[in-house]
Amino acid sequence: MLVKTYSAEVMGLTVVTVTVETNISKGVLFHVSGLADTAVKENYDRIKAAITNIGGKMPVADITVNLSPADIKKEGSGYDLAMAIGVLGANGNVKSDLLEQYMMVGELGLDGQLRSVRGVLPLAIKARADKFKGLIVPKENGREAAVVNNLDVYAMDSLTDVIRFLNGEHYEPIIIDTRKEFYENQSHVDLDYADVRGQENVKRALEVAAAGGHNLIMVGPPGSGKSMMAKRLPSILPPLTLSESLETTQVHSVAGKLSNGTSLIYQRPFRSPHHSISQVALVGGGTSPRPGEISLAHNGVLFLDELPEFSRSVLEVMRQPLEDRMITISRAKYTIEFPCSFMFVASMNPCPCGYYGDPTHHCVCTPGQIQRYLNKISGPLLDRIDIHCEITPVPFKDISQTKQGEPSANIRQRVIKAREIQEARYKNVKGIHCNAQMTERMIHQYAEPDEAGMNMLRIAMERMHLSARAYSRILKVARTIADLDGSEPITTTHLAEAISYRNLDRGDWAERGI
């Protein structure tokens with residue numbers, strides 16, 4: 000007897016519906032065809048043990064399972080449930096009249112319990128697009144799948160529950176009011192800039208970066224507060240929109256980073272990988288392609304602390320994603336795209352010992368050591384960082400003061416107001432939401448300074464030997480500073496502040512100290 004059940008293969012954020020064809024005939028063998036990997040082929044033992052331990056009986060017959068389309072590689076243990084139901088259906092233990100209405104996914108334990116799998120949210124979106132009536136998933140994945148409306152999602156504890164449901168027993172689908180839950184669970188992060196004493200110039204640079212979505216690097220000695228301020232950046236960023244939350248949740252779902260019982264990600268991601276990270280871990284890929292750290296930071300912040308300690312090859316692979324906000328992973332057998340629209344924030348010491356230019360500590364590095372250390376960060380990568388911010392240690396009188404700094408909530412309101420101006424400006428342009436994403440044509444349209452501003456910019460370009468990319472970065476940052484001021488024209492004041500954020504481009508930086 001031939002029975003068809005339905006599951007899916009997640010390839011990046013793309014999902015392909017897989018038809019699981021199960022046929023039982025005379026014999027004693029178990030065959031799996033359709034480019035199945037080892038994890039899929041090994042599931043015979045899991046299926047047999049699960050059926051036996053729930054009181055059923057594995058048919059003694061020749062069982063052939065075909066996973067169609069056969070030209071796409073099938074990976075992981077998520078096919079266990081569909082294949083087990085296919086075997087039971089072909090053997091007459093499960094009614095076959097409902098099987099074509101439901102997509103199902105889940106790993107089987109030997110006791111018949113269903114275990115969570117990754118990629119359920121994009122899989123649920125595919126099930127709705129393919130007009131399936133419902134989706135059957137493990138209980139831990141239920142809330143994640145139920146985010147998708149117009150699709151009945153059944154979260155099951157075990158294979159027994161699935162059999163009973165398909166044989167006519169009533170089960171209630173999970174229902175989530177996605178919008179209500181999203182807005183009720185949005186809250187501010189615990190870290191606050193009110194805890195930061197002094198460093199007003201740095202907090203201003205971070206505010207400008209947040210308002211325009213600009214990349215930023217902080218350079219200063221150890222203990223000056225670089226990491227402390229970077230970790231508080233999400234507290235001044237605008238809250239996620241519902242569409243951004245869905246995008247971010249899909250990436251984390253595919254990566255297997257969602258906690259059990261999670262429906263949506265409500266806060267902007269903040270990813271801070273260690274400097275020993277590999278290229279694949281950063282940009283994604285691998286034998287079973289997964290999102291890397293740059294995609295996990297989508298719609299949030301990627302923070303690289305001690306930037307020169309990262310491998311040069313790891314840093315250089317970021318150049319294209321920083322420009323395109325999309326990473327394309329091409330291998331011999333697949334090409335996959337992951338979104339990676341993030342704010343890139345980095346910190347570094349000015350020299351190997353960390354105290355070059357520090358007024359309170361003596362630097363023991365030679366000029367050659369300092370130059371080699373700075374040269375670990377390539378010019379093309381620095382060009383892609385809009386704001387260069389120098390940090391000096393906080394004086395004792397600032398550290399010891401009891402008065403708190405300006406709270407993040409106040410800064411956030413200014414950032415949100417500037418972002419609203421940008422959203423209105425780019426409302427008719429697809430994929431552009433903030434000033435950092437402007438194209439060259441848009442820069443000429445929205446960020447062109449007056450004659451006095453152009454003269455100032457020309458002098459800065461000549462004296463600092465800036466590249467054409469740095470020219471565009473200055474205009475983008477100046478546009479953001481003007482938006483924070485509520486000004487439509489870009490004045491020389493706005494340009495002067497934007498130029499001051501290109502300090503690492505100055506030829507005498509390594510000689511003059513901080």
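The opening position of the sequence shown corresponds to residue 0 in numbering that gives the first Met the number 0, with each subsequent residue numbered one higher.
Note that the Cβ used here is the ideal one computed from N, Cα and C, for glycine as well.
Source: prediction; values computed, not measured.
Kindly give me the distance between the Cβ atoms of residue i and residue j, rounded to whole angstroms, as I take these residues to be in contact under 8 Å.
| i | j | result |
| --- | --- | --- |
| residue 69 | residue 34 | 6 Å |
| residue 153 | residue 133 | 6 Å |
| residue 157 | residue 259 | Not quite, the Cβ-Cβ distance comes to about 16 Å (not below 8 Å), so this is no contact. |
| residue 253 | residue 118 | 5 Å |
| residue 420 | residue 452 | In fact, because the Cβ distance is near 19 Å, the residues do not count as touching under 8 Å. |
| residue 109 | residue 127 | Their Cβ separation, rounded to whole angstroms, is 32 Å, which puts residue 109 and residue 127 out of contact at 8 Å. |
| residue 268 | residue 298 | 7 Å |
| residue 377 | residue 315 | 7 Å |
| residue 193 | residue 405 | 7 Å |
| residue 534 | residue 111 | Any property of residue 534 remains undetermined from this structure, which presents the chain solely from 0 to 513. |
| residue 142 | residue 286 | Not really, about 30 Å apart at Cβ, beyond 8 Å. |
| residue 439 | residue 383 | 15 Å between Cβ atoms; not a contact. |
| residue 424 | residue 445 | 6 Å |
Ignore the nearest five residues each way along the sequence and tell me which others in residue i's own chain have a CB closer than 8 Å to its CB.
| i | result |
| --- | --- |
| residue 509 | Low local confidence applies: a pLDDT of 49 at residue 509 is under 50, so the model's placement there is unreliable, with the coordinate-based value given in what follows. Within the same chain, residue 509 has close Cβ partners 366, 369, 370, 373. |
| residue 3 | 18, 19, 20, 21, 85, 98, 99 |
| residue 351 | 364, 368, 369, 372 |
| residue 96 | none |
Taking the Cβ atom as the reference point for each residue, do residue i and residue j lie within a distance shorter than 8 Å?
| i | j | result |
| --- | --- | --- |
| residue 475 | residue 431 | no |
| residue 216 | residue 347 | yes |
| residue 245 | residue 178 | no |
| residue 190 | residue 130 | no |
| residue 12 | residue 337 | yes |
| residue 533 | residue 292 | No answer is possible for residue 533: it lies beyond the span of the chain, which begins at 0 and ends at 513. |
| residue 206 | residue 410 | yes |
| residue 343 | residue 214 | yes |
| residue 46 | residue 225 | no |
| residue 234 | residue 407 | yes |
| residue 8 | residue 62 | no |
| residue 345 | residue 295 | no |
| residue 335 | residue 272 | no |
| residue 247 | residue 257 | no |
| residue 212 | residue 502 | no |
| residue 31 | residue 25 | no |
With distances taken Cα to Cα, identify the nearest neighbour of residue i among the options.
| i | options | result |
| --- | --- | --- |
| residue 349 | 191, 484, 305 | 305 |
| residue 491 | 447, 383, 294 | 447 |
| residue 266 | 259, 183, 323, 205 | 183 |
| residue 470 | 488, 495, 487 | 495 |
| residue 243 | 276, 193, 340, 379 | 340 |
| residue 27 | 36, 59, 7, 5 | 59 |
| residue 169 | 155, 478, 180 | 155 |
| residue 497 | 358, 200, 379, 331 | 200 |
| residue 125 | 500, 223, 10 | 10 |
| residue 195 | 472, 454, 500, 392 | 392 |
| residue 437 | 24, 468, 456, 413 | 468 |
| residue 6 | 54, 48, 64, 50 | 64 |
| residue 515 | 307, 180, 326, 255 | As displayed, the chain neither begins before 0 nor continues past 513, which places residue 515 out of reach and without an answer. |
| residue 477 | 263, 180, 208, 38 | 208 |
Report all residues from its chain with a CB closer than 6 Å to the CB of residue i; omit the five preceding and five following residues, and keep chain order.
| i | result |
| --- | --- |
| residue 145 | 152, 173, 175 |
| residue 417 | 210, 482, 483 |
| residue 354 | 220, 360, 362 |
| residue 106 | 76, 79, 114, 116 |
| residue 574 | The question about residue 574 has no answer, for the chain in this structure spans 0 to 513. |
| residue 415 | 237 |
| residue 74 | 36, 287 |
| residue 0 | 23, 89 |
I'd like to confirm something about residue i: is its beta-carbon nearer than 7 Å to some heavy atom of the ligand NAP, or not?
| i | result |
| --- | --- |
| residue 316 | This structure lacks the ligand NAP, and indeed carries no ligand of any kind. |
Is there at least one Cβ from chain D nearer than 8 Å to residue i's Cβ?
| i | result |
| --- | --- |
| residue 147 | Here chain D cannot be found, since the structure has a single protein chain. |
Below 7 Å CB to CB, which residues in the same chain sit around residue i once its five sequence neighbours on both sides are set aside?
| i | result |
| --- | --- |
| residue 93 | 84, 87, 162, 165, 166 |
| residue 511 | In this predicted model, residue 511 has a pLDDT of only 45, less than 50, meaning its place in the structure is not dependable enough to derive any value. |
| residue 311 | 375 |
| residue 422 | 432 |
| residue 136 | 104, 105, 119, 144, 152, 154 |
| residue 507 | Bear in mind that a pLDDT of 49 at residue 507, under 50, signals an unreliable position, so the number given afterwards is only what the model happens to contain. Once the five neighbours on either side are set aside, residue 507 has no close Cβ partner at all. |
Considering residue i, what are the terminal residues of the beta strand (DSSP E) in which it resides?
| i | result |
| --- | --- |
| residue 3 | 1–10 |
| residue 133 | 133–137 |
| residue 22 | 13–24 |
| residue 101 | 101–103 |
| residue 61 | 61–67 |
| residue 155 | 151–155 |
| residue 443 | Counting along the chain, residue 443 falls outside any beta strand (DSSP E), though it belongs to the alpha helix (DSSP H) covering 439–445. |
| residue 193 | Looking at the DSSP string, residue 193 is not in any beta strand (DSSP E), and its letter there is neither H nor E. |
Could you spell out the range, first to last residue, of the alpha helix (DSSP H) harbouring residue i?
| i | result |
| --- | --- |
| residue 496 | 491–499 |
| residue 181 | 177–184 |
| residue 300 | First-last for residue 300: 300–303, but that is the beta strand (DSSP E), not the alpha helix (DSSP H). |
| residue 121 | 119–128 |
| residue 351 | Counting along the chain, residue 351 falls outside any alpha helix (DSSP H), and DSSP gives it neither H nor E. |
| residue 573 | Nothing in the structure corresponds to residue 573, since the chain is present only between 0 and 513. |
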